[in-house]
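Asker:
2 protein chains.
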Amino acid sequence: MTADSANEFTKRSFLTLEQAIRNDLAEGRLAVDRRLPSERELAERYRTTRITLREALSHLEMDGLIYRENRRGWFVSDRRLVYNPLWRTDFQRMTREQNRQASTELIEAVSAVAPDDICALLEQPSGTEFWRIRRRRRVDDRLVVFVEHHLSKAVFADILEQDLTGSLTNLYREKYALEYGDVSFEINPVALTGMSATELHCSDGTFGLQIVRVNRDQTGRILDCDVEYWRHDAVSIRIDTRDSIP
Amino acid sequence: MTADSANEFTKRSFLTLEQAIRNDLAEGRLAVDRRLPSERELAERYRTTRITLREALSHLEMDGLIYRENRRGWFVSDRRLVYNPLWRTDFQRMTREQNRQASTELIEAVSAVAPDDICALLEQPSGTEFWRIRRRRRVDDRLVVFVEHHLSKAVFADILEQDLTGSLTNLYREKYALEYGDVSFEINPVALTGMSATELHCSDGTFGLQIVRVNRDQTGRILDCDVEYWRHDAVSIRIDTRDSIP
DNA sequence: TCACCTCTTTGGTATAGACCAGATGCGAGG
DNA sequence: CCTCGCATCTGGTCTATACCAAAGAGGTGA
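These protein sequences, in sequence, are chains X and L.
Start counting the first sequence at 11; every next residue gets the next number (this note's numbering).
Start counting the second sequence at 11; every next residue gets the next number (this note's numbering).
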């Protein structure tokens with residue numbers, strides 16, 4: 011930040027601090043390589059305390075302008091990824107169509123008893139075991155979503171032998187000759203906690219968007235259930251009934 | 011409990027302030043007709059400072075357990091309203107089907123130039139005037155959503171003479187013989203600011219869910235555009251392709 | 001009855017420190 | 001070359017206190 015902009019900021023009210031940071035961000039004075047200076051440094055520059063500064067940063071975070079990675083620092087948010095949960099196009103293709111670059115990491119793939127609510131969604135008795143595949147995805151190198159898939163062990167007997175870092179959609183089609191049919195999903199604003207927070211490198215309690223989706227094949231048989239946890243500033247849900255819903 | 015873990019217990023109370031409040035909420039010790047004691051009283055009760063206490067309350071707020079009304083206090087959240095933006099059932103009926111009670115307040119109904127992005131969505135040149143209807147809705151007496159409707163002045167010439175506290179869906183059908191056709195919408199997690207925050211009685215910067223919807227009639231003509239701002243803990247979006255999309 | 005004013009209570013913002021814990025980079029030792 | 005451990009960064013949490021501004025209660029006067 012230049013001496014000028016520091017001088018411009020003379021009033022001490024909270025809103026002006028937030029506005030000052032907003033302006034400096036917009037004009038690219040603050041961030042170097044999308045990364046903001048440390049909180050201590052910012053507090054000094056704006057002649058305020060870390061508590062007050064963090065309050066302002068939290069507001070900008072909620073507004074989707076910046077985000078933080080746990081104990082790593084603050085960063086400037088990129089544009090949102092447009093996402094239609096009714097489409098089962100694979101993630102790579104979806105991001106490519108938006109001129110973004112995506113990657114997927116496999117966290118685990120095991121057999122496990124699903125929680126009761128998931129069993130209910132999958133129309134199986136509580137305590138049923140499913141394949142549990144946990145992955146996380148990046149867009150332009152930023153961690154944006156943590157996904158937990160629950161798959162029928164009967165239908166996908168040998169899924170663990172497949173490459174699970176790619177598209178499950180394609181795997182279903184190519185290895186199991188399954189095409190998607192109906193879908194249902196639920197979107198909830200939630201706090202990211204536990205594993206979703208850890209894997210996304212954000213602190214416990216960060217705001218996120220949870221999307222729970224149940225996928226069926228053409229015969230109406232339930233195939234799997236995905237539970238996605240998105241960084242809230244990284245995604246925009248968009249649905250249009252004029253699009254065919256395959 | 012072993013001696014080791016007892017030792018650990020005395021060293022660091024693994025029951026954090028947040029968890030303590032969480033327990034008190036769950037067991038009904040804290041909620042007195044859904045309102046929490048003042049921050050000062052809570053801080054005293056939990057032997058901590060207001061800053062720390064507010065941090066904990068913010069976490070619970072993000073998690074959707076409690077919410078605040080600007081300078082009025084903290085309240086315990088009720089269950090979420092299930093909402094399908096593809097359905098144009100009127101609000102009253104939707105809430106009744108979930109055993110909730112709804113009400114709508116008209117804030118203003120005027121002719122006004124719509125912002126550029128809204129004009130673009132409505133496929134009209136920038137600077138076009140529309141009817142602008144602003145309303146807010148309550149569920150079980152809690153303010154949950156602020157809505158801004160932009161309607162074609164040509165199609166709805168005399169809409170200001172109608173009762174605008176009721177269902178616009180019904181008005182379209184009964185007074186204008188219009189049925190809904192295709193819909194498209196966009197969901198974004200945002201910070202509530204300005205009018206949306208003021209009208210919802212929440213402080214500037216509170217986290218919310220924005221839903222922008224464009225409605226068409228059966229011939230594909232654009233009817234209107236709704237911009238909704240929801241309190242994040244009050245709504246759950248649910249969509250199922252097996253439901254008919256009228 | 002009702003508009004208006006005032007006083008109290010509430011959350012909202014701010015100061016100035018301090019220590020903790022995870023992330024990271026670097027250097028020493030294998 | 002690689003690994004391990006330590007020093008030093010970062011944000012995360014905390015104490016203690018103060019004043020401000022809006023909301024709400026209650027009283028006052030037309």
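Just so it is clear, CB atoms sit at the ideal spot from N, CA and C, and this is done for glycine as well.
Everything numeric in this text was worked out from a predicted model, so none of it was measured.
May I ask you to list, following chain order, the residues of the region 78-112 of chain L that have a beta carbon less than 9 angstroms from some beta carbon of chain X?
Answerer: So the list reads Arg90, Val92, Pro95, Leu96, given in the order they occur along the chain.
Asker: Contact between the region 157-168 of chain X and the region 190-201 of chain X is defined here as three or more beta-carbon pairs at a separation below 8 angstroms; is this criterion met?
Answerer: no
Asker: Name the residue from Leu210(X), Val154(X), Ala112(X) whose alpha carbon lies nearest to the alpha carbon of Ala244(X).
Answerer: Val154(X)
Asker: Phe19(X) CB to nearest chain L CB: under 7 angstroms?
Answerer: Only weak support exists for where Phe19(X) lies, its pLDDT of 38 falling under 50; the value from the coordinates is given anyway. No, Phe19(X) does not count as interfacial toward chain L.
Asker: Ends of the alpha helix (DSSP H) at Tyr186(L)?
Answerer: Residues 178-186.
Asker: Could you tell me which chain L residues have their CB closer than 9 angstroms to the CB of Phe217(X), listed as they occur along the chain?
Answerer: Met72, Pro199, Phe217, His242
Asker: Taking only runs that begin and end inside the region 130-155 of chain L, name each unbroken beta strand (DSSP E) of 3 or more residues, in chain order.
Answerer: 139-149
Asker: On the CB-based measure, 16 or more other CB atoms within 10 Å of its CB, does Asp234(X) come out buried or exposed?
Answerer: buried
Asker: Threshold first: 3 residues or longer. Then list the beta strand (DSSP E) segments lying entirely within the region 92-132 of chain L, N to C.
Answerer: Within the region 92-132 of chain L, the complete beta strand (DSSP E) runs of at least 3 residues are 112-123.
Asker: With Ser194(L) as the anchor, note down where its beta strand (DSSP E) starts and where it stops.
Answerer: Per DSSP, Ser194(L) belongs to the beta strand (DSSP E) from 190-202.
Asker: Helix, strand or coil: which one does DSSP assign to Arg226(X)?
Answerer: In the structure shown, Arg226(X) sits in a strand (DSSP, three-state: E or B).
Asker: By DSSP's criteria, Ile76(L) is part of a beta bridge. Which residues make up the other side?
Answerer: Val86(L)
Asker: Where Glu51(L) and Gly74(L) are concerned, what is the direct C-alpha to C-alpha distance, given to the nearest angstrom?
Answerer: 22 angstroms
Asker: If you draw a straight line from the alpha carbon of Arg226(X) to that of Thr179(X), how long is it in whole angstroms?
Answerer: 12 angstroms
Asker: Which residues in chain L have a C-beta closer than 7 angstroms to the C-beta of Arg196(X)? List them in chain order.
Answerer: Going by the sequence as given, residue 196(X) is Glu instead of Arg. Taking a Cβ-Cβ threshold of 7 angstroms, the residues of chain L close to Glu196(X) are Ser246, Ile247, Arg248, in chain order.
Asker: Does Glu37(L) come out as helix, strand or coil in the three-state DSSP assignment?
Answerer: coil
Asker: Between which two residues does the alpha helix (DSSP H) carrying Glu49(X) extend?
Answerer: 49-55
Asker: In this structure, how does DSSP classify Leu170(X) when only helix, strand and coil are distinguished?
Answerer: helix
Asker: Going by DSSP in three states, Arg252(X) sits in which element: helix, strand or coil?
Answerer: coil
Asker: Nearest-angstrom Cα distance between Pro125(X) and Gly137(X)?
Answerer: 7 angstroms
Asker: Go through its chain and collect everything with a Cβ distance to Val92(X)'s Cβ below 7 angstroms, but skip five positions before and after it.
Answerer: Gln108, Ser246, Arg248
Asker: Would His211(X) pass as an interface residue toward chain L - the criterion being a Cβ-Cβ separation below 7 angstroms?
Answerer: no
Asker: Looking at chain X, is there any beta carbon in it that lies within less than 7 angstroms of the beta carbon of Asp192(L)?
Answerer: yes
Asker: Measuring only the C-alpha atoms, how far is Tyr56(X) from Leu70(X)?
Answerer: 16 angstroms
Asker: Determine the chain L residues that contact Ile61(X) at a beta-carbon separation under 8 angstroms, and present them in chain order.
Answerer: Ile61
Asker: Just to confirm, does Met72(X) get its C-beta within under 6 angstroms of one of the non-hydrogen atoms of the ligand GDP?
Answerer: For the structure depicted, the ligand GDP is absent and the ligand set is empty, with no information on it obtainable.
Asker: Val237(X) lies in the beta strand (DSSP E); which residues open and close that run?
Answerer: 232-241
Asker: Just to confirm, are Arg144(X) and Ile117(X) a CB contact at a threshold of 7 angstroms?
Answerer: yes
Asker: Could you say which of Tyr239(L), Arg148(L), Asp173(L) lies nearest to Gly215(L) if we only look at CA atoms?
Answerer: Tyr239(L)
Asker: Taking buried to mean at least 16 other C-beta atoms within 10 Å of its own C-beta, is Arg231(X) buried or exposed?
Answerer: exposed
Asker: Answer with buried or exposed for Asp34(X), where buried requires no fewer than 16 other C-beta atoms within 10 angstroms of its C-beta.
Answerer: Result: buried.
Asker: Examine chain L for any beta-carbon lying closer than 7 angstroms to the beta-carbon of Pro251(X), and answer yes or no.
Answerer: In the sequence as displayed, the identity of residue 251(X) is Thr instead of Pro. For Thr251(X), the nearest CB of chain L lies under 7 angstroms from its own CB, placing it at the interface with that chain.
Asker: I'd like to know whether the C-beta of Phe24(L) is nearer than 7 angstroms to at least one C-beta of chain X.
Answerer: Low per-residue confidence applies at Phe24(L): pLDDT is 44, beneath 50, and the placement is therefore not dependable, though the value from the model is reported in the following sentence. It does not: the Cβ of Phe24(L) has no partner Cβ on chain X nearer than 7 angstroms.
Asker: Quick check on this structure: which residue in Asp100(X), Arg60(X), Arg81(X) has the alpha carbon closest to the alpha carbon of Tyr182(X)?
Answerer: Asp100(X)
Asker: Pop quiz: Thr251(X) and Asp192(L) are said to be a contact at Cβ under 8 angstroms. What is the actual Cβ separation, rounded to whole angstroms?
Answerer: 5 angstroms
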